[in-house]
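Numbering (my numbering), first residue to last: 11 to 168. Yeah, the Cβ is synthetic: ideal placement off N, Cα and C, and Gly gets one too. Only a predicted model underlies this, so the values are computations on that prediction, with no experimental measurement involved. Below is one structure, written out as structure tokens; comments come after it.
Written out as structure tokens, the structure is:
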């Protein structure tokens with residue numbers, strides 16, 4: 011095929027022809043036979059939304075390529091879901107490492123009393139959200155006991 015014949019083809023036909031030729035020879039040789047540079051040969055194809063797939067040695071529509079990549083990503087996530095979930099939990103645990111419950115809290119000898127307290131709703135909602143996202147591994151009563159203990163220790167001698 012001559013360069014002027016190639017240019018007359020629609021982009022889709024150019025891609026089909028080029029993909030057939032790529033099965034036989036390299037892009038540089040194809041471009042040389044057409045009398046143009048490789049960038050000139052591929053600029054129109056790339057501008058039309060095609061992307062070179064190195065594994066297949068073919069030009070494919072970029073969206074098809076991204077769909078395949080998405081499928082591969084989803085397959086990977088599905089396959090490694092348990093490990094990823096464990097890593098997330100480990101990260102949450104590391105974040106919470108600087109918050110430690112006093113050793114007296116939650117001990118077998120601890121005695122509990124039930125008390126009703128009034129708390130501002132907006133503050134309680136913030137506390138509850140924080141508890142659910144970062145401290146759900148502990149009982150809420152233990153977290154509240156820790157808060158009270160820290161308050162007592164902070165203001166006891168002031």
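Going by DSSP in three states, residue i sits in which element: helix, strand or coil?
| i | result |
| --- | --- |
| residue 25 | helix |
| residue 81 | helix |
| residue 63 | strand |
| residue 141 | helix |
| residue 86 | helix |
| residue 133 | helix |
In whole angstroms, what separates the C-alpha of residue i from that of residue j?
| i | j | result |
| --- | --- | --- |
| residue 55 | residue 32 | 14 Å |
| residue 120 | residue 81 | 53 Å |
| residue 162 | residue 143 | 26 Å |
| residue 43 | residue 83 | 39 Å |
| residue 67 | residue 89 | 28 Å |
Residue i and residue j look like a contact to me (Cβ under 8 Å); what is the Cβ gap, rounded to whole Å?
| i | j | result |
| --- | --- | --- |
| residue 111 | residue 152 | 6 Å |
| residue 156 | residue 115 | 6 Å |
Got a sec? Which residues, its chain only, sit under 7 Å from residue i by beta carbon, not counting five neighbours each side?
| i | result |
| --- | --- |
| residue 25 | 55, 60 and 69 |
Near residue i, which residues of its chain fall below 8 Å by C-beta distance, leaving aside the five closest residues on each side in sequence?
| i | result |
| --- | --- |
| residue 87 | 94 |
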